[in-house]
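Novice:
There are 2 protein chains.
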Amino acid sequence: MAGGVACGVRKSGVRDLGLLYSELPCETAAVFTRNAFEGAPLGVTREAVEAGGVRAVVANSGNANAATGAQGIRDAYAMQGLAAEALGIEAEQVAVASTGVIGERLPMGNVSAGVRAAASELGGGGFEEAILTTDTRVKEAVAWVEVGGRTVTVGGTAKGSGMIHPNMGTMLAFLTTDAAVERECIQKTLSRVTDLTFNRVSVDGDTSPSDMALLMANGAAGNEPLTLDSEDYPLFAKAVESVARELAREIARDGEGATRLVEVVVEGAAGEEDAAALAKSVVGSNLVKAAVFGEDANWGRVLVAMGYSGVAFDPEGVDLWFGPVKVFSRGEPAEHEEAEANTTLGGDEVRITASLSEGEASATVWGCDLSYEYVRINGSYRT
Amino acid sequence: MAGGVACGVRKSGVRDLGLLYSELPCETAAVFTRNAFEGAPLGVTREAVEAGGVRAVVANSGNANAATGAQGIRDAYAMQGLAAEALGIEAEQVAVASTGVIGERLPMGNVSAGVRAAASELGGGGFEEAILTTDTRVKEAVAWVEVGGRTVTVGGTAKGSGMIHPNMGTMLAFLTTDAAVERECIQKTLSRVTDLTFNRVSVDGDTSPSDMALLMANGAAGNEPLTLDSEDYPLFAKAVESVARELAREIARDGEGATRLVEVVVEGAAGEEDAAALAKSVVGSNLVKAAVFGEDANWGRVLVAMGYSGVAFDPEGVDLWFGPVKVFSRGEPAEHEEAEANTTLGGDEVRITASLSEGEASATVWGCDLSYEYVRINGSYRT
Numbered sequence: 001m002a003g004g005v006a007c008g009v010r011k012s013g014v015r016d017l018g019l020l021y022s023e024l025p026c027e028t029a030a031v032f033t034r035n036a037f038e039g040a041p042l043g044v045t046r047e048a049v050e051a052g053g054v055r056a057v058v059a060n061s062g063n064a065n066a067a068t069g070a071q072g073i074r075d076a077y078a079m080q081g082l083a084a085e086a087l088g089i090e091a092e093q094v095a096v097a098s099t100g101v102i103g104e105r106l107p108m109g110n111v112s113a114g115v116r117a118a119a120s121e122l123g124g125g126g127f128e129e130a131i132l133t134t135d136t137r138v139k140e141a142v143a144w145v146e147v148g149g150r151t152v153t154v155g156g157t158a159k160g161s162g163m164i165h166p167n168m169g170t171m172l173a174f175l176t177t178d179a180a181v182e183r184e185c186i187q188k189t190l191s192r193v194t195d196l197t198f199n200r201v202s203v204d205g206d207t208s209p210s211d212m213a214l215l216m217a218n219g220a221a222g223n224e225p226l227t228l229d230s231e232d233y234p235l236f237a238k239a240v241e242s243v244a245r246e247l248a249r250e251i252a253r254d255g256e257g258a259t260r261l262v263e264v265v266v267e268g269a270a271g272e273e274d275a276a277a278l279a280k281s282v283v284g285s286n287l288v289k290a291a292v293f294g295e296d297a298n299w300g301r302v303l304v305a306m307g308y309s310g311v312a313f314d315p316e317g318v319d320l321w322f323g324p325v326k327v328f329s330r331g332e333p334a335e336h337e338e339a340e341a342n343t344t345l346g347g348d349e350v351r352i353t354a355s356l357s358e359g360e361a362s363a364t365v366w367g368c369d370l371s372y373e374y375v376r377i378n379g380s381y382r383t
Numbered sequence: 384m385a386g387g388v389a390c391g392v393r394k395s396g397v398r399d400l401g402l403l404y405s406e407l408p409c410e411t412a413a414v415f416t417r418n419a420f421e422g423a424p425l426g427v428t429r430e431a432v433e434a435g436g437v438r439a440v441v442a443n444s445g446n447a448n449a450a451t452g453a454q455g456i457r458d459a460y461a462m463q464g465l466a467a468e469a470l471g472i473e474a475e476q477v478a479v480a481s482t483g484v485i486g487e488r489l490p491m492g493n494v495s496a497g498v499r500a501a502a503s504e505l506g507g508g509g510f511e512e513a514i515l516t517t518d519t520r521v522k523e524a525v526a527w528v529e530v531g532g533r534t535v536t537v538g539g540t541a542k543g544s545g546m547i548h549p550n551m552g553t554m555l556a557f558l559t560t561d562a563a564v565e566r567e568c569i570q571k572t573l574s575r576v577t578d579l580t581f582n583r584v585s586v587d588g589d590t591s592p593s594d595m596a597l598l599m600a601n602g603a604a605g606n607e608p609l610t611l612d613s614e615d616y617p618l619f620a621k622a623v624e625s626v627a628r629e630l631a632r633e634i635a636r637d638g639e640g641a642t643r644l645v646e647v648v649v650e651g652a653a654g655e656e657d658a659a660a661l662a663k664s665v666v667g668s669n670l671v672k673a674a675v676f677g678e679d680a681n682w683g684r685v686l687v688a689m690g691y692s693g694v695a696f697d698p699e700g701v702d703l704w705f706g707p708v709k710v711f712s713r714g715e716p717a718e719h720e721e722a723e724a725n726t727t728l729g730g731d732e733v734r735i736t737a738s739l740s741e742g743e744a745s746a747t748v749w750g751c752d753l754s755y756e757y758v759r760i761n762g763s764y765r766t
């Protein structure tokens with residue numbers, strides 16, 4: 001059950017506090033930001049997940065409760081305690097997440113009223129809205145899969161949309177499933193899926209101190225608890241991955257100021273890490289992003305971004321496509337109509353594919369273009 | 384002697400081809416981009432510098448002659464030969480540099496006419512202009528220093544202003560001196576100075592495949608040739624560093640779309656590399672850059688950028704200032720007036736200082752803000 005209310009953390013009066021709650025006990029896995037500065041809620045949530053039995057999430061937007069010192073940690077524990085009291089469960093069963101402005105104290109009066117209101121309206125929806133900041137829309141995904149003769153549901157919601165970059169735990173993402181999953185299995189699943197999906201999104205190269213993804217499994221489907229060795233485990237893992245990928249793509253598409261989703265595929269790399277590093281370098285390049293915004297198929301900038309990725313490869317072995325249009329072939333410009341290449345940048349989704357001659361590994365990453373609106377949003381975020 | 388002319392590589396009719404020439408033989412040092420994709424002129428110039436005796440530079444803007452395959456290499460050699468013929472010297476005495484659009488063939492007819500015209504107008508100036516692309520002004524610096532009883536001049540010119548990021552050879556920079564300097568000494572000087580100056584500039588996180596810096600010394604001052612052990616060598620090295628630093632600051636100030644220069648100082652780091660990595664992470668953050676543009680002293684974004692720099696440090700030991708206003712102290716927000724902190728972002732130059740508790744090392748880096756104009760320039764560069 002979930003719910004979200006407006007309690008005044010955000011000044012605009014939109015929903016800004018949400019609760020997510022499972023009546024059944026859960027196995028819960030988590031991944032966290034790799035930023036050296038970590039928001040206060042992350043330590044509190046890590047402690048709870050490690051203790052086992054997390055079955056609820058209290059989350060707010062508008063304030064990240066990060067860089068708030070010892071007071072921030074006290075506030076995060078207080079927020080956890082308020083949610084536990086309102087739901088009638090133990091404090092250690094509640095994960096805490098905050099996203100928004102950094103360096104300001106949480107308005108605890110608003111949070112307290114918000115938690116009570118959200119608890120009384122559980123089931124009324126609005127959690128997906130309550131976690132948004134500069135996002136322009138909610139992000140939800142769902143998948144069904146047959147596991148041990150039972151139909152299992154995997155659902156998820158996430159928020160973007162700035163301070164988003166690969167090599168992180170992730171932004172905020174909350175995945176739930178009614179499958180029964182053993183503890184080691186659920187954590188490994190979430191870690192691997194995060195590497196393949198959320199960690200392959202870049203909006204602006206900034207890794208937030210509030211990033212966190214949770215996967216909660218309450219077993220309501222009645223299947224035998226899944227382990228890594230279960231026959232149907234690969235199906236379940238694929239379902240989690242597909243939900244996370246859809247959320248990851250939605251985060252990229254709704255990047256701050258974005259007008260289009262950019263998907264970069266690198267094939268023929270020596271290893272998956274190389275492929276991902278090359279693709280992330282391209283999708284993170286301001287010059288590539290601005291060219292996509294301007295519908296200019298400036299393929300030289302893609303090569304340049306691959307060149308400074310830190311990955312060693314033979315430039316003479318590179319082929320490059322914008323959509324279906326081949327623009328570069330084995331170290332030489334490929335004959336093509338510039339106008340035709342530019343046309344591939346006109347839609348809602350752009351795909352850039354690079355093929356190397358190093359090996360068999362590939363990776364896909366997602367990002368967005370760089371627009372005037374990104375600058376406007378981030379030049380005036382706090383004011 | 385130097386000169387620059389308009390020969391039609393750039394469509395706008397501005398100066399786009401320049402020659403720099405020393406009538407005396409020179410010792411010349413060079414550093415080059417670390418991008419895996421390298422423009423065709425770099426290989427030609429590297430070969431010439433290694434052979435010794437480079438005493439001229441031919442440079443064009445408007446076309447980088449990069450990602451142009453085997454034809455591009457033939458064109459770079461042809462450009463070198465044309466300049467040598469016009470100046471009456473050997474081809475291997477000419478360094479070649481090109482900057483501008485990537486992936487298009489150099490218009491050799493224009494280049495040929497331009498080289499002849501520039502050679503006939505040597506001494507008429509205009510070289511500094513001819514190497515500019517999206518730069519809004521020429522960049523020049525000069526220093527004088529007493530070496531072995533002789534007054535020595537160190538001069539330089541450079542171009543920015545996009546695809547500029549630390550960890551490179553550098554953008555285009557040409558430094559000249561009438562000092563006599565031995566070969567090993569001049570290369571070590573340029574490499575060290577580049578690390579301290581050009582490699583500490585970031586406009587947009589993109590490392591160009593055309594980056595190159597040259598230091599040419601023709602000995603006209605009549606001093607005993609300088610070695611690393613010369614008594615006055617430190618003075619000379621400081622003079623080269625001060626010229627390079629001034630050019631580096633001018634490149635940052637004139638970054639694409641920039642409205643202000645941003646200087647980031649990190650002190651108290653465990654080592655100089657750590658200090659530089661932390662400072663570069665801050666100066667390269669789109670979110671910090673957009674906040675500076677919007678005159679919003681959003682110090683949380685500075686902490687976040689330090690946090691994902693990859694450098695290990697204790698967040699509780701961090702102090703942070705915007706100009707003279709302390710905003711963060713030992714892991715806690717510092718009492719300050721937000722309006723006062725914002726005021727420090729209003730001028731032409733912004734200084735952000737972070738102090739750690741790890742050691743004694745420090746580093747200063749330069750960048751600029753992120754404006755609507757950056758997006759406009761790079762969304763329509765080729766069209």
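Read top to bottom, the protein sequences are chains A and B.
Under the numbering used here, the first residue of the first sequence is numbered 1, with each subsequent residue one higher.
Under the numbering used here, the first residue of the second sequence is numbered 384, with each subsequent residue one higher.
The C-beta atom is built at its ideal place from N, Cα and C for all residues, glycine as well.
1) To the nearest whole angstrom, what separates the beta carbons of B:G387 and B:G401, a pair I think is in contact under 8 Å?
2) Of all the CB atoms in chain B, is at least one closer than 8 Å to the CB of A:T68?
3) Below 7 Å on C-beta distance, what does B:A596 contact in chain A?
4) Return yes when the Cβ of A:M306 is within less than 8 Å of the Cβ of A:L42, no when it is not.
5) With a threshold of 8 Å between beta carbons, is A:L24 in contact with chain B?
6) Using 8 Å as the threshold, is the segment 636–651 of chain B in touch with the segment 746–757 of chain B, meaning 3 or more CB pairs across them?
7) Which one of A:A173, A:L214, A:K159, A:G72 has the shortest CA to CA distance from A:I186?
8) Check each residue of the segment 661–683 of chain B: if its Cβ is closer than 7 Å to any Cβ of chain A, include it; give the result in chain order.
9) Output the distance between the C-alpha atoms of B:F581 and A:G123, rounded to the nearest integer angstrom.
10) Would you call A:S281 buried or exposed, if buried means 16 or more other Cβ atoms sit within 10 Å of its Cβ?
11) The ligand FAD heavy atoms versus the CB of A:G300: any closer than 7 Å?
12) Where does B:I760 fall in DSSP's three states?
13) Mind checking B:L349: buried by the 16 CB within 10 Å criterion, or exposed?
14) Thinking C-beta only, is B:T577 closer than 8 Å to B:V414?
15) Interface residues of chain A around B:N418 at Cβ under 8 Å?
16) Along chain A, in chain order, which residues have C-beta atoms closer than 9 Å to that of B:Y768?
17) Taking the alpha-carbon of A:E338 as reference, which of A:R249, A:A70, A:T153, A:W321 has the nearest alpha-carbon?
18) Return helix, strand or coil for A:K188, following the three-state DSSP convention.
19) Kindly indicate which three-state DSSP category B:R713 falls into: helix, strand or coil?
20) Return helix, strand or coil for A:V58, following the three-state DSSP convention.
21) Mind the definition here: the segment 104–112 of chain A touches the segment 223–232 of chain A only if three or more C-beta pairs lie below 8 Å; say whether that holds.
22) Cutting at 6 Å between CB atoms, please list the residues of its own chain near B:I456, excluding the five before and the five after it.
23) Listed from N- to C-terminal order along the chain, which residues in the segment 323–350 of chain A have their beta-carbon within a distance smaller than 9 Å of any beta-carbon of chain B?
24) What are the start and end residues of the beta strand (DSSP E) that includes A:G268?
25) Considering only C-alpha positions, which residue in the set A:R200, A:R55, A:L356 is nearest to A:T177?
26) Just list the beta strand (DSSP E) runs in the segment 78–111 of chain A, keeping only unbroken ones of 3 residues or longer that don't cross its boundaries, in chain order.
27) Whole angstroms are fine: how far does the CA of B:A434 sit from the CA of B:Q463?
28) So, helix, strand or coil for B:R632, using DSSP?
29) Say whether chain B places a C-beta atom closer than 8 Å to the C-beta of A:T170.
30) Once the 5 residues before and after B:V626 are set aside, which same chain residues still bring their CB inside 8 Å of it?
31) Considering only the alpha carbon of each residue, which of B:A724, B:N761, B:C409 lies closest to B:D562?
32) Could you name the residues of the segment 473–486 of chain B whose beta carbon sits closer than 8 Å to any beta carbon of chain A, in the order they occur along the chain?
33) Return the chain-ordered ranges of every beta strand (DSSP E) run that is complete within the segment 291–354 of chain A and spans a minimum of 3 residues.
34) Can you tell me where the alpha helix (DSSP H) with A:T45 in it begins and where it stops?
35) Of all the CB atoms in chain B, is at least one closer than 8 Å to the CB of A:V9?
36) Cα separation between A:A86 and A:T99?
Specialist: If we stick to the structure as given:
1) Rounded, the Cβ-Cβ distance is 4 Å, consistent with contact.
2) yes
3) Here the premise fails: no neighbours, minimum Cβ distance about 17 Å.
4) no
5) no
6) Because the criterion of three Cβ pairs below 8 Å is met, the segment 636–651 of chain B and the segment 746–757 of chain B touch.
7) A:L214
8) S668, N669, L670, A673, A674, F676, G677, D679, N681, W682, G683
9) 58 Å
10) buried
11) With respect to the ligand FAD, the structure shown offers nothing to examine, as it has no ligands at all.
12) helix
13) Residue numbering for chain B in the displayed model covers 384 to 766; residue 349 of chain B lies beyond these limits and cannot be assessed.
14) yes
15) V304, G307, Y308
16) With chain B represented from 384 up to 766, any question about residue 768 of chain B goes unanswered, as that position is not in the structure.
17) A:W321
18) helix
19) coil
20) strand
21) no
22) A423
23) V327, F328, R330, G331, E332, P333, E338, N342
24) 261–269
25) A:R55
26) 94–101
27) 14 Å
28) helix
29) The predicted position of A:T170 is uncertain, since its pLDDT is 39 and thus under 50; no value can be drawn from it.
30) A524, V525, A526, V537, G538, G539, L558
31) Here residue 562 of chain B is Ala; the residue named in the question, Asp, does not match the sequence. Measuring from the Cα of B:A562, the nearest candidate turns out to be B:C409.
32) V484, I485, G486
33) 319–322, 325–329
34) 40–51
35) no
36) 22 Å
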